[in-house]
Every structure is written in structure tokens, then in C-alpha cells.
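Going line by line, the protein sequences match chains A and B. Reading the first sequence from the start, the letters are residues 6 to 736 in this note's numbering. Reading the second sequence from the start, the letters are residues 54 to 275 in this note's numbering. Glycine included, C-beta positions come from ideal geometry on N, C-alpha and C. First up is the structure itself, then whatever we jot down about it.
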Amino acid sequence: MTITPELLATHKLNAAEYEKIVSLLGREPSITELGIFSVMWSEHCSYKSSRVHLKKLPTKSKYVLLGPGENAGIIDIGGGYGVAFKIESHNHPSFIEPFQGAATGVGGILRDIFTMGARPIAVMDAIRFGPLDDPDYGKRNQRILEGVVSGIAHYGNCFGVPTVGGECTFHPSYNGNPLVNVFALGVIKADEVFLGRAEGVGNPVIYVGAKTGKDGIHGATMASDEFTEESKQHRPNVQMGDPFMEKLLLEACLEAMKTGAIEGIQDMGAAGLTCSTCEMGSRAGTGMEVDLMHVPQRETGMSAYEIMLSESQERMLLVARKGREQEVFDVFKKWGLDAAIIGTVTADGILRVRHHGVLVAEIPNRALADEAPIYTRSFTKPARNVPMEGPEFKSLDLGADLKALLGSADLCSKHWIWEQYDFMVRTNTIAGPGYDAAIVRVKETGSSVAVSLDGNGRYCYLSPREGAKLMVAEACRNVSTVGALPLAATNNLNFGNPEKPEIMAQLVEAIEGMSEACVFFETPITGGNVSLYNETLGEGILPTPVIGIVGLMKTEAPVKNVFPKAGLDVLLIGSMGDCDLTHFGGTQYANTILKTLWGMPPKLDMAEEKKVQAAIRKLVGDGLVESSHDVGEGGLAVALAECSFGGVGCQVALQSKLRPEFTLFHEGPSRILVSTSQVEKVVALGKELNVEVVRLGSTIVDRFVVDGLLDLPLGELRSTWETALETKLHA
Amino acid sequence: MKFGVVVFPGSNCDHDALWAVSQNLGAEAEFIWHDSRKLPAVDAVILPGGFSYGDYLRCGAIAKFSPVMTAVKKFAADGGLVAGICNGFQILTEAGMLPGALIRNKGQKFVCRPVELEIATTNSPFTNAGHKGDHVTFPVAHGEGCYIADEQTLNQLEAEDRVLFRYIDNPNGSMRNIAGICNAGRNVLGMMPHPERVTEPLMGSSEGLVVFRSMISAFATK
């Protein structure tokens, strides 16, 4: 077959990249080789646009056992155990086929975790959609949301991992490009970590799990492209998930690992057999020789090209110790799964692929994995098309504003979503959906991990650098709010087309901001995912980095996130905060009530933030507070209302020099609401730690009162908040 | 007393059930693999929740053909205590060991949340440690938990005092708010809510222990 420019275009390889392939091989590639290069050098697999900037992120600390580069990062949680965790996107497939796209997103990240030898114990999701009431795309957005949620539920519930939390927000920029970022975390013995390395020349290469079919071919390349009207034709590129198969694969893999017969193992995710064969070889400095006729296949007559590029789900590649293959086969037979030797590890560093004995590809592993092009793409100023100064406005009715905020799609209760997820299976969920951070018990150690996912596209659009810092601060604050110490992070960078300098600038600034904050809060990034080309018809999404922060705490009953009873003091840890018109432009009030965006995100003082977080950890750890909840989007009024939705309200007086709209709704960070019966001790601790403690008022029955500003019956507020999402979905 | 927890391919509440009876109740317990044709020496069998064999076709429809179910049937016929929870309940109805069927929830969606139940009778080896009329809160987590049966069967269940748990706030549309039933011999339980998930204060409550404590006291007085 001749390599034509058209053929290159369908493989998303440019002329320069093709020339590099020819020079690396010293000849023209075969069609199979071209396919292999195209997926390995895709943005999705090679990080060619982001790699130079990702190097700026901190990746080490005394807790980090394994940083970026493997299937997932691992941190030490003590007692001889660690947790492996990562976040990954499945944005493009979820737009084309929401149910399967989201389901296989869950499946993919779960395999990343258990391929290391960790048993998954928690999943979380950060998902974003176009508005449900969008005049043009509302119905479609509703359908995508319902499909994504049921896809996540289908896969996680059947697999038997609890989906313990996440976030879900809306913006028109996601109309044609929803975001589905899935986080998973598993428990692992610190000295029994399995890596994706093909060690040991002569060792057999074994394929296990589901059979290979024609689904998902070129999924990774698709994920590295913008959407056009024709994108729906990519539906066959979306894989089909089978959570039952994955559950069997999990149990079989963990059991096979215990035999001691496995040398290395890697899941077949994006770019399937191609990625697993060449990455395992390249990491170990070895080569691999395989014959595709041994690959279990779902249909007859598949070409080498199709077998190498298939992204069929629920498959793993492993290297066993020579002579001990049977131990591996026995385990997989017990679980009713295919296992077949497809080749051997070689010394020459070359990936040699045969099909029925005929050589179809012969590529140095290094060329695929390490020689991928790296682009230092030019960047200018981040894309931004909103004014710095905001409009004149005055609230007509603060109570109505609060109700509108609580009933907005971004801030309303998401129970319609998370009640479809089994968030309790495995009986480790100490705090599930609805808490600032989820808390999951680790039965093996007596400790628990707390996790929060956070992102804010509007903040990051106003300032990618400040937005990213705020996001890290918020996620760390969430983890601290439940009493855990933030230890490490994983990131998912969702951006538009990096070939546009103003989009590239968003990516660069967000990474730099994230880096600064992660260094400051001592939460190194142990792995993650970059999803670029999130554009449809030339319209990019808001720059939407998402961070997942993992913290550690002792296992104990969680502090409540709502006021537990009347007669307690309500205190604000941190200050009333400051705000001006410029820094009000990214708030939910500006978004929902004024329906506009301007200015800058809220001001963050990282040193102050760190002090407040230390204070709340101490307050929660010492049992000095009855409830603890972070002040986030929607500001103090929304946070107070959320604290009241357990059925106990509050009466507070807000002493502030700011105008009422700002006092109630500004989103200044570094603030946490608590209720307590030990006010003197809390105040004393604040003094000791040099953190301001503001006494706001007390908890009361049935009403929600902010002296002089708001006086509302609690039931009405709560039902607005609780039913809003369902109402919008069935409008 | 020793519990056996059956592990089907796709069971995913097997570890939870084992943890509940061994760690939280303090009883002996072991797993039983689905292709065992003979049960080990256990005094009660738990069929746990999950998606046995992927629950393709219908929930529990494939599990009923597994070798272990022949052994479980014999165990039950000999008077042994069998508790099917969630998917276990679905398997027991498919296997004909309990009447009725479990179909798609009325709301069409998977539902996971704590629900309030009434202990409808204490005349069973699964509820004897409770009080009739008491309310307990167990979580549900299922897509196919809507209990249905014909009028005659429902009347018979009630006449024979075989409805053990009823929903106070019915999450799935089950007929007559039925959440759990037993067989005519009163030694086989099927229930959709998960008592094993609430057997320690850290998980919100220990109310679920009532089921397993009842089994122990029934066994002791047998």
C-alpha cells in the first residue's frame, strides 16, 4: 500500500512527523506500522503538546512511592500499604455515545489501578455538560447527562466499586463537548507493586481477558481531534464496556499476581495492544516479538492493523516468568477467562509483530515511546473575551437571589445523579456524596483516605493561573474540612486546540498556577491525563483543569457537614473576606443572577489558606466542632443554607463593610463554616494558630435568618435545592 | 455457628457479607466458590449481592444453574438457613426457592440510598431478635428490586406471615411494599435491602445485625 497524503491525514500525522517515521525506520512504514505510529504519537498517548510544560509540576514528596509514568501514582499511607490513584478523561467518546463512552471511561481507569496490583475501593467523577435549558441544545444536553450518569452507574455498580462523590456543573461551552473525568483509587501493599515492564529476555508474553474485536479502532487518535459535523460517524470508534468481564479480570489478575509468576503487567487501554507491547518493552529496555494469530479474537478475518489498533475493553497484557506460565493459566481458567501466549520478550529493543508468521511491523520500541515528537507550541495571552470591569447592578430581592442560586444547575443537590451510583458497596464509605470530601476506610490499615475533585472553568477562563491555584486550594480545603491531611494530587487537563496560541497559553498558565499551588500545599502530582482538542466546530471549551486531592486521616466517625441541632454557635473559620466588583465577576451570583462573566476570580492568599486548613484539621481532629463545611461557590449565604439542609437552620448577623450582595455571595476562599458547643475552645485555638474566628450566630429550628438581609422558611429553600435538577431534566 | 458466603462470578457484596458476620458479629465464616457441588461444613448460607454472571438475560437467571445452587437447594430442603440479599434474593426467586419475581424498579433507574423498613414479623429465624413493628433503616442498591407476584401468592404470603420486611418509603414500586419474604418452611430469606452494610457504627448504624443475630439465636435453639 502506498502512503498518500490522504492516508496520513486520516491518521492525523503531518508531513514532518511522517518524515521522522521514515528516518527512524530507514524505510517507508507498512500500513500496520503507520497505524502503530499514529496512535503512539497521538496527542492522547504522547502528550506531545503538553509534555514540556508538564515537567514543571512537582512530583515528589516523602509520601510518593511512585510518580507519573506508570499506570497510576502511588502514595504511602503507612502500615505497609499505599493507595494507587489517577484521574482520566473520556470526553470525546462520551459525546458520541454517552452511555458507553462514560462506562468505558470508568472501566479504563479501574484497569489502570488494578494493573498495579491495587484493589479499587473508590471512584469519583467530575462531569460537565451544556446547560439543560439551552435553547438550542438543551434536550441533547439532557440526553447526554442521563446517558453519562447511567453509563457510570452501570459500570461501577456492576464491577462493585463505590462511586463516592464528584462534581457536576454546566456551561454553554460544553454544549458540543461534555467532559467526563473519572478518578479511581485502590489499596495496594507497598512492597507488592506491579509495573508495566517486560523484564526478562525469553519470558512469555501473555494476553488475558476479553477477546479482541473491531471496536474502538483509532479511539486515541479520535480523542486527539476536534469535533465536526461528521464526528457522529466515529461512533464505531467508541468501545463497548462489559463490567462483568472487568470484575472477573480484576479478581483473576489479583489472584494471579499472588502466585509470584508474573513479572510485569499492563492494561490495554488507549491504543490497545500497540501501546501495551511497546510501552512494556520500552520501560524495561527490552523488545517484544508477538504473533497476532495467537490473540483471542471475537471475529474472523481481522487484519494485523485492526488487531494492533483495536481498543476492545477488559484486556491485559502480562509477562510471566518462563516455566511458570501454567500457574497463570490456572487462575484465568478458574475465572473463565481467555489467556494465551502471544510472544516472547527479546533483548534487541524491537517490537516485532507477525501475523501468521508474516512480519507486519518491526519498530524500535524507543522510536515509538520516546522518540515521539515533542512540540514547544507557541503561546500568547490566554483566550479571554470578557471585560475586566463589571456592570452596575443592585439586587431587587436577596431572598429570591438565594433561592435562584440554590435552584441553579451548578449549585443544586445532585442526589438525582448519585443515588444511581452504588456509593456504599465494600462497606468502606464513611462519607459519601454530598460531603466536601469523600472518606473511604482502608480496612487493612485502620486509616482512611479523603478525596475531593475540583475544577472551575469560569475562574480559569478569567485567569488560568489564578483559577488553577484556587482549584488546588479548594480541593485541599475540602479534604481538610473533613479532617484529613492533603498528601498528593492527580490532574486532568481539559483544554481546547493547543495549536491555537491563545489556547496553548491557557494550558501553560494553568499548569504553572497548578504547579505553584501544589508546591505550596505540598501535594505533588503523581499522575494524570491531558485532554486537548476539546472543541466542536471551532468553539473551545472553557479551560477546565480538574484536580483530585487525596488526603489521609485516622478512621473514625465523620464530622457532619450540616448543623446537627439547634442551640449551637455558628462560627466562620477564616475571615468575612474581601471583595470588589472586579473580583465578583467569576461568582455564581454573576453567572446565575446577572448571567454574565467579567473581571477576575476571587483573590487567594495561599499562606492564609494554609493556616485556615491547618486550623480546621485540628478542630475536627480534636472533636471541637459539631459540623464543618467549606464556603465555596455561591459564597457564605449558599454555604449557610447548605449547612441548614439537614433540617436545622440558623440565625446569623454578618458584620461586614461590603455591600450586601458581596457579603452574602462573594466567593473569597480560605473560609470554613462550623457549628460548635465549645465556642471558647474554638476561639482559643484560632488565636493560637493565628486564624481569625468570626462568631456569626447560632443554629435554630426551621428558619434561615441573616439579620437585616434574609428571613426564609427552611423547607422552601431546601425543596428548591433538592428538586431542581430533576425538574430541569424533566422540563 | 458458621456462615458460608457463596461467591458467584460477579458477586460484589461477598466481602461485605463476610466482613459483617465475621468482624462485626464475631461469627465464623468462609467463602464458597460457585462451582462447588457440595457445601463445606457451614450452618447457614448467605447468597450475597452483586451481578452474578453479569446478570445478563435476567438477574439471577444464570446463577440458578450453577453447581452450588443444587447444593444450596438440598441444604435448604434439609432445613438449613439460607439468606439471599439483593442479587441473592433475585437468584432465590429465579431458582424457585421463593415465590414471585423482581423486576426493573418503578423509576427505571438504579437506586442507592438508606430506606426505612418495618419489621413485619418476628416469627422467623431472620427477625426473631427484633420487635414486630419496629422501624430499621437499611440501604438499598439495585436496579431490579420491584417485587411482584400474583394476587393469590401475595395473599398467601401475608396469610402465612411470610412478609418479614416492608418498606415505609417504597423505593422501587414493590407490591404491598414488600422488602423481604421467607419460604413456607421459614428457613429461606430473600430481601432487597442490605442489612450487611449497616453492621457497625462507622457505616452509620448497626441495625442490620438484627438479621444475623436472629439467625444465630434460631440456630442455637434448633
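- By the Cβ neighbour-count rule, residue 132 of chain B is exposed, with fewer than 16 other Cβ atoms within 10 Å of its own.
- For the segment 353-421 of chain A, the continuous alpha helix (DSSP H) assignments of 4+ residues that do not extend past its boundaries occur at 370-374 and 403-411, in sequence order.
- DSSP places residue 511 of chain A in the uninterrupted alpha helix (DSSP H) bounded by 506-525.
- For residue 250 of chain B, the C-beta contacts it makes with chain A under 7 Å involve 429 and 432, in order along the chain.
- In the three-state DSSP reduction, residue 195 of chain A falls in the coil class, being neither helix nor strand.
- Under a criterion of Cβ atoms nearer than 7 Å, no residue of chain B is adjacent to residue 714 of chain A; the nearest Cβ is some 35 Å distant.
- Using a CB distance cut-off of 8 Å, residue 179 of chain A does not count as an interface residue toward chain B.
- The beta carbons of residue 207 of chain A and residue 327 of chain A sit closer together than 8 Å.
- Within the same chain, and ignoring the five residues on either side of residue 81 of chain B in sequence, the residues whose Cβ sits closer than 6 Å to its Cβ are 55.
- Three or more Cβ pairs closer than 8 Å define a contact, and the segment 530-537 of chain A falls short of that threshold against the segment 431-440 of chain A.
- Bounds of any beta strand (DSSP E) do not take in residue 152 of chain A; it lies within the alpha helix (DSSP H) bounded by 143-164.
- The beta-carbon of residue 101 of chain A is placed no less than 8 Å from the nearest beta-carbon of chain B.
- If only complete runs of 4 or more residues are kept, the segment 644-678 of chain A shows the alpha helix (DSSP H) at 665-670, in order along the chain.
- The DSSP assignment places 188-195, 199-201 and 216-220 as complete runs of the beta strand (DSSP E) inside the segment 180-234 of chain B, in order along the chain (cut-off: 3 residues).
- In the three-state DSSP reduction, residue 340 of chain A falls in the coil class, being neither helix nor strand.
- A Cβ-Cβ separation of about 17 Å leaves residue 589 of chain A out of contact with residue 462 of chain A under the 8 Å criterion.
- With contacts defined by Cβ atoms closer than 8 Å, residue 145 of chain B and residue 272 of chain B do not form a contacting pair.
- About 7 Å separates the Cβ atoms of residue 136 of chain A and residue 414 of chain A, confirming a contact at the 8 Å cut-off.
- Taking 7 Å as the upper bound on Cβ-Cβ separation, chain A lies near residues 192 and 194 of the segment 181-206 of chain B.
- Between residue 654 of chain A and residue 644 of chain A, the CB-CB gap reaches or exceeds 8 Å.
- Under the three-state reduction of DSSP, residue 483 of chain A is assigned to helix.
- Its Cα nearest to that of residue 371 of chain A, the residue A:45 stands out among A:708, A:7, A:45 and A:11.
- Nearest to residue 480 of chain A by C-alpha distance, out of A:468, A:527 and A:514, is A:527.
- Assignment of beta-bridge partners to residue 138 of chain B by DSSP yields B:244.
- For residue 55 of chain B, no alpha helix (DSSP H) run applies; the uninterrupted beta strand (DSSP E) run containing it begins and ends at 55-60, by DSSP.
- Between residue 398 of chain A and residue 669 of chain A a beta carbon distance of about 14 Å is seen, past the 8 Å cut, so the two are scored as non-contacting.
- Contact annotation for residue 256 of chain B against chain A: 432 [CB-CB distance below 7 Å, chain order].
- Assignment of beta-bridge partners to residue 321 of chain A by DSSP yields A:213 and A:272.
- Using a Cβ-Cβ cut-off of 9 Å, residue 164 of chain B is close to 424 and 425 of chain A, given in chain order.
- For residue 241 of chain B, the closest C-alpha among the options B:176, B:107 and B:77 is that of B:176.
- A direct Cα-Cα distance of roughly 39 Å separates residue 20 of chain A from residue 150 of chain A.
- Listed along the chain, the chain A residues whose CB falls inside 9 Å of the CB of residue 240 of chain B amount to none; the nearest CB is some 26 Å away.
- The alpha-carbon of residue 417 of chain A is positioned some 18 Å away from that of residue 166 of chain B.
- Collapsing the DSSP output to three states places residue 278 of chain A in a helix.
- Fully contained in the segment 65-142 of chain B are the following beta strand (DSSP E) runs of length 3 or more, in chain order: 81-86, 97-100 and 134-138.
- If you check each beta-carbon in the segment 57-68 of chain B against every beta-carbon of chain A, the ones closer than 7 Å belong to 62, 63, 65, 66 and 68.
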